[in-house]
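Chains A and B supply the protein sequences, listed in that same order. Going letter by letter, the first sequence gives residues 47 to 708 in this note's numbering. Going letter by letter, the second sequence gives residues 47 to 708 in this note's numbering. Every residue gets a Cβ at the ideal spot worked out from N, C-alpha and C, and that includes glycine. Treat the numbers as computed from the prediction; the structure is a model and nothing was measured. The next block holds one structure in the form of structure tokens; read it before the comments.
There are 2 protein chains.
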Amino acid sequence: MNAHPQQEMAHAIRFLSIDAIVKAQEGHQGVPLGMAEIATALYTRHLKYNPQDAGWFDRDRVVLSNGHGSMLLYSLLHLTGYPAFTLDEIKRFRVLGSVCEGHPERAHDAHNGIEVTTGPLGQGIANAFGMAVAEAFLNARFGSDVVNHFTYAFVGDGCLQEGVGQEMISLAGHLQLGKLVLLWDDNQITDDGSTELSITENVAERFRVAGWHVIELDGHDMEAVSAALDAARLDPRPSMLACRTVIAKGIARLQGQRGGHSARLFEEDAQAARELLGWRHGPFHIPADVQQAWHTAGQRSAAQYQAWQACVAALPVAQRAEFERVMRGELPAHWKQVLMDYKHKALLTPPGPSGIFISAEINDLLTPLLPERMVACADLEAPTSHKRGLTAFNAQDRLGAYVHCGVREHVMGSMANGMAAHGGVIALTVTYLAFADYQRPAMRMAALMGLPVKFVFSHDSIGIGRNGPTHQPVEIMASLRAMPNMWVMRPADAVEAAECWELALAHQDGPVSMVFARQSLPLVRHTHTSDNLARRGAYVLHEADCGPRQVTLLATGSEVLLAVQAREQLEAVGVGAAVVSMPCWELFNAQDAAYRQSVLGTNVRVGIEAAVRQGWDAYLGIDGGFVGMTGFGASGPADELYKLFNITPEAMVAQAKRLLKI
Amino acid sequence: MNAHPQQEMAHAIRFLSIDAIVKAQEGHQGVPLGMAEIATALYTRHLKYNPQDAGWFDRDRVVLSNGHGSMLLYSLLHLTGYPAFTLDEIKRFRVLGSVCEGHPERAHDAHNGIEVTTGPLGQGIANAFGMAVAEAFLNARFGSDVVNHFTYAFVGDGCLQEGVGQEMISLAGHLQLGKLVLLWDDNQITDDGSTELSITENVAERFRVAGWHVIELDGHDMEAVSAALDAARLDPRPSMLACRTVIAKGIARLQGQRGGHSARLFEEDAQAARELLGWRHGPFHIPADVQQAWHTAGQRSAAQYQAWQACVAALPVAQRAEFERVMRGELPAHWKQVLMDYKHKALLTPPGPSGIFISAEINDLLTPLLPERMVACADLEAPTSHKRGLTAFNAQDRLGAYVHCGVREHVMGSMANGMAAHGGVIALTVTYLAFADYQRPAMRMAALMGLPVKFVFSHDSIGIGRNGPTHQPVEIMASLRAMPNMWVMRPADAVEAAECWELALAHQDGPVSMVFARQSLPLVRHTHTSDNLARRGAYVLHEADCGPRQVTLLATGSEVLLAVQAREQLEAVGVGAAVVSMPCWELFNAQDAAYRQSVLGTNVRVGIEAAVRQGWDAYLGIDGGFVGMTGFGASGPADELYKLFNITPEAMVAQAKRLLKI
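Here it is, written out as structure tokens:
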């Protein structure tokens, strides 16, 4: 190692990245070359982590929000000794099947060292914010001996321009999350060129206005970065280190230029960079002393790890068991019984005024049982009612489990992803279904990562009434069902709601959208069964009675009752009609063909949902009947709207008769 | 009228709102009661408008971004004499069929006086921003004599918390749109209660950081409001008037309280307010003098209107014709010929390296022909290439037709809606399809309002290759197709692209999503026809040749070529196979049954699209074959991904054979 060992360590990042990008023939060099010194300072002097045990230690979290600079992260994971990131994998950057993918991808439990999948800008910093919320909450619950870590995020200009990033700045400043530290790659270049093309405001000032601690510094000066990190860790406010950098630093042809962002790199560039920076080692070769220095840095936390293990061991028995339970994501004993009791009791209790209040009641029941559950809501506390018994999580009260997000759905969703990725909490968000689109980019990331976030929605259709079409979802059920790995549940009554909640809580491998009506959901299930009928996604609620089944009526949510009424009308005229309730298509699609066939029947089918038909054809067939919406809604009382749009039992009966030619 | 005629005029808004809300038994009183003085000052002293001719005059634009306070707008439209808003309609607030809907809804060409539909927060101010962009551009093109107006927006806390609002603040400050004026209802209350629950930052400072002119004042002091409006109109920066108000002012039981936002109002509240404020008139009764004062205010612009008409008449003939053409939204002569020539020429030209560059070429050709077209892009100029020949619209150059939006997709979409609602420009946005979700709430509003925005997307599938699943849309085609009133086009080659562009430009009643591949789109159409085959949404590209049609292969975009190859393989073994290209489902669904049947055929059908199956069942049937994606993508070269996910001609052939049992 030469006279500047730290600089050599940074160059190791730089040249691993250059060599990998040259070999891959595409990739983004701007971030890894511009942030090499920042990352080196962070990882070698400040970060608490343990490459051998990425999933469980009270490690600091690091998020690469500017995910296109993925080689920065892969280089760091390789150099610090994360097992998945071998030199061979680095050489396979962007090759199909490599862990060194175009953008960083979280593996289950982040065992590969990647905390969250990033790429769509703004998501990563909002995830980091969610991690910091989870940390503060767990720290308050279990104490600083066992939960006490920082969350760092590398971030570029794009993340800070995105609305979700701006929402995060405002809310994190409000919540004063002192252990959240952003490392801004202030290189004054975006894909289009100079940031002057699209932004004039002083970004550092924007953070200060929001209550952040801001330090402006030279991002290539490791001492300055290190000092700023020390200051950030001491300051009670969230910190933003505005690091002036040169994009693609080291590539003379591109550095500081627009092309530095992602223009192709060639062998000649690599060679020129070696000469410019005095790096005398061949492609992918890290000299032993530099390698050793990085390895040592990676092991720096070993003592902290042991001390932490001792602290966990020293917790009072019950607290330790609880801590380990929530960190493992296990549900407590008896949780199912509470839901079973509710389901039983619901048969005796008249339904409340609103479907969403059923979810609220269940949520209330779980409060004493699931202290790890955090509820976030975007300024709709009263109409969604998922706060009872909870205090607000805020700068004064870190034990509060309810996050008032303000009118900021997007960061709410991304925050929940960060909480779920962090672990130790169950993240649940609540808003109106019409506003699901505002958080949809976050929901997509939850689905892509397989994070067990519970997205609760109310006001699910024209049934909301007079607030009109802007607030009436018609296409949103279909758009959520289109998303791979997203369970979409629309329970018909309190019994199904309890069943869906059970399934949603038990589901650990992906997100769930739980969709509830604003209007009342009278019971459609009148007999208690300990079996969870919703678990197969769809089931026969009523078989044909007056004779063999001639028609199958399929419905979800508030329309199941209409299907039941249609069945009565059909049966009254001698048509054998079954009603199938379909609270979760994704679960139904996973059943075997025989079960699906037994539910759907082999005769005429008519579906009903106060939404567009898209997706229903898979159950109804091209010639099947459907009662629903073909356009946007209108402003008027719910019952009048159902009539106006002809979403009625009579319409179902007419469709059935048309198909049966009677 | 008493000693304070202006105050009486404000109370007229207040009591029309109270009476309507009491009668409707629900509604939001916070905004109309809190902003009555602000609105009165604006309308009676500053606003340039003409109730009798809402659609065409160079009027100032007013947006109610806090759309839940719709009674404010209805009261104003009634009092100033907009014909649709009779007292009878006010009495029918929130009744089905009334123009006084729960949230304000724009009618075609805003002839009802409502510039844009609002409700989902943040959209309205971003629309207003788009209107101000359109105004600045048209002002530069046609001169201040004929285009010179302000855009005002009423706005609440929620709009300013939303990410789209924050993006707007940053970008409007950057662009220095001096004729944009926000009137902030700073009542310190949101639905959840005090704004302290969710925000700490100084909102006024946040605007100042972004380069806005900010004035803080008492929103119930009409003189102060009026003075601030004068100052705002003189200042070259966009202005934000931070108006401290009391929510629900006048309802003693609720004013300044959380309940003031939208708690039920009763007759007793109305009576108490009358006593408190000295309003001695019965429900829905506006005394003649107050009515007359409002009417006079509404006619205040009559002279301006006449002067403006004279200015338009005085324009040089060609300029006047051009001005009237773009304001009517008419396309110029010969525009179709340019596309026809391109379509013809495309047969002779080898395809370029990227599908999106086809759209770029067409866009280039239209530049001299359509000076009214503005292109907005979210920091992807190089990979989407829709800027050639255009200069940037910025604070220095108002004739620039390309808006560098930065990494802010959401405000880009909402801005485009505002431009389209304003008229005189054709608004086109460009980003990657994977980021459509970021602007989806804006797209929904475009569809709801029927605004002719052109949303162009590139990088439409796993075909983008190694950037990986975050950047690979699989569900987004389906989610866009789920949206009512949204045309979704995915052309297969340059010929279809020209046809789709023609259809998109001619479409005036709603938005279009035009979706292009990153990878090359080799020709699938090899013979020129002057007929626009895409106009029917789907058509038979190749009929079965070796015998009667046994199988119909359906495809869109880049997969049409794969279907053509599958057809060759099937025909080679004696299976009569037709290929149907389906560039636009919405247009196909609008064809008559006979045409649809002739295209789809009556035999076996197999579809192919590098996306999820949802929606395809409507054409394929439950038992039809489909080749596509069932989950998210992966990081690797495009050709390897197509093989990995088995999206190949061979997979289509296998499906066809399975169904034909051969």
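For the alpha helix (DSSP H) containing residue i, name the first residue and the last one.
{"i": "residue 651 of chain A", "result": "Segment 650-654 is the beta strand (DSSP E) holding residue 651 of chain A; no alpha helix (DSSP H) there."}
{"i": "residue 461 of chain A", "result": "455-468"}
{"i": "residue 450 of chain B", "result": "Segment 448-450 is the beta strand (DSSP E) holding residue 450 of chain B; no alpha helix (DSSP H) there."}
{"i": "residue 547 of chain A", "result": "540-552"}
{"i": "residue 386 of chain B", "result": "381-392"}
{"i": "residue 274 of chain B", "result": "268-280"}
{"i": "residue 697 of chain A", "result": "695-706"}
{"i": "residue 318 of chain B", "result": "313-323"}
Compute the Euclidean distance between the alpha carbons of residue i and residue j, then round it to the nearest angstrom.
{"i": "residue 47 of chain B", "j": "residue 324 of chain B", "result": "Since pLDDT at residue 47 of chain B reaches only 49, below the 50 mark, its modelled position is unreliable, and no value is offered."}
{"i": "residue 622 of chain B", "j": "residue 684 of chain A", "result": "52 Å"}
{"i": "residue 130 of chain A", "j": "residue 124 of chain A", "result": "8 Å"}
{"i": "residue 702 of chain B", "j": "residue 687 of chain B", "result": "22 Å"}
{"i": "residue 704 of chain A", "j": "residue 649 of chain A", "result": "13 Å"}
{"i": "residue 460 of chain B", "j": "residue 467 of chain A", "result": "32 Å"}
{"i": "residue 301 of chain B", "j": "residue 293 of chain B", "result": "5 Å"}
{"i": "residue 51 of chain B", "j": "residue 90 of chain B", "result": "11 Å"}
{"i": "residue 420 of chain A", "j": "residue 596 of chain A", "result": "47 Å"}
{"i": "residue 522 of chain A", "j": "residue 172 of chain B", "result": "23 Å"}
{"i": "residue 612 of chain B", "j": "residue 296 of chain A", "result": "49 Å"}
{"i": "residue 97 of chain A", "j": "residue 126 of chain A", "result": "7 Å"}
{"i": "residue 219 of chain B", "j": "residue 88 of chain B", "result": "22 Å"}
{"i": "residue 402 of chain A", "j": "residue 426 of chain A", "result": "12 Å"}
{"i": "residue 58 of chain A", "j": "residue 113 of chain B", "result": "55 Å"}
{"i": "residue 626 of chain A", "j": "residue 490 of chain B", "result": "31 Å"}
{"i": "residue 55 of chain B", "j": "residue 69 of chain B", "result": "21 Å"}
Cβ atoms of residue j and residue i: under 8 Å apart, would you say?
{"i": "residue 560 of chain B", "j": "residue 481 of chain B", "result": "no"}
{"i": "residue 579 of chain B", "j": "residue 381 of chain B", "result": "no"}
{"i": "residue 192 of chain A", "j": "residue 369 of chain A", "result": "yes"}
{"i": "residue 156 of chain B", "j": "residue 174 of chain B", "result": "no"}
{"i": "residue 514 of chain A", "j": "residue 680 of chain A", "result": "yes"}
{"i": "residue 291 of chain B", "j": "residue 231 of chain B", "result": "yes"}
{"i": "residue 400 of chain B", "j": "residue 512 of chain B", "result": "no"}
{"i": "residue 647 of chain A", "j": "residue 624 of chain A", "result": "yes"}
{"i": "residue 196 of chain A", "j": "residue 279 of chain A", "result": "yes"}
{"i": "residue 456 of chain B", "j": "residue 406 of chain B", "result": "no"}
{"i": "residue 392 of chain B", "j": "residue 544 of chain B", "result": "yes"}
{"i": "residue 251 of chain B", "j": "residue 257 of chain A", "result": "no"}
{"i": "residue 60 of chain A", "j": "residue 82 of chain A", "result": "yes"}
Name the two residues that bound the continuous beta strand (DSSP E) containing residue i.
{"i": "residue 261 of chain A", "result": "259-264"}
{"i": "residue 285 of chain B", "result": "285-290"}
{"i": "residue 624 of chain A", "result": "623-627"}
{"i": "residue 500 of chain A", "result": "500-504"}
{"i": "residue 57 of chain B", "result": "No beta strand (DSSP E) contains residue 57 of chain B, which is instead part of the alpha helix (DSSP H) from 51-70."}
For residue i, collect the residues of the same chain with a Cβ closer than 8 Å to its Cβ; drop the 5 residues on either side in sequence, then sort them by chain order.
{"i": "residue 636 of chain B", "result": "583"}
{"i": "residue 615 of chain B", "result": "695, 696, 699"}
{"i": "residue 373 of chain A", "result": "102, 469, 470"}
Keeping to the same chain, check which residues put their C-beta closer than 6 Å to that of residue i; ignore five residues upstream and five downstream.
{"i": "residue 451 of chain A", "result": "422, 424, 458"}
{"i": "residue 110 of chain B", "result": "119, 150, 164, 200"}
{"i": "residue 350 of chain B", "result": "94"}
Rounded to the nearest angstrom, how far is the Cβ of residue i from that of residue j, given a contact under 8 Å?
{"i": "residue 93 of chain A", "j": "residue 106 of chain A", "result": "5 Å"}
{"i": "residue 602 of chain B", "j": "residue 629 of chain B", "result": "6 Å"}
Looking only at its own chain, which residues have a Cβ that is under 7 Å from the Cβ of residue i, when we skip the five neighbours before and after it?
{"i": "residue 138 of chain A", "result": "144, 146"}
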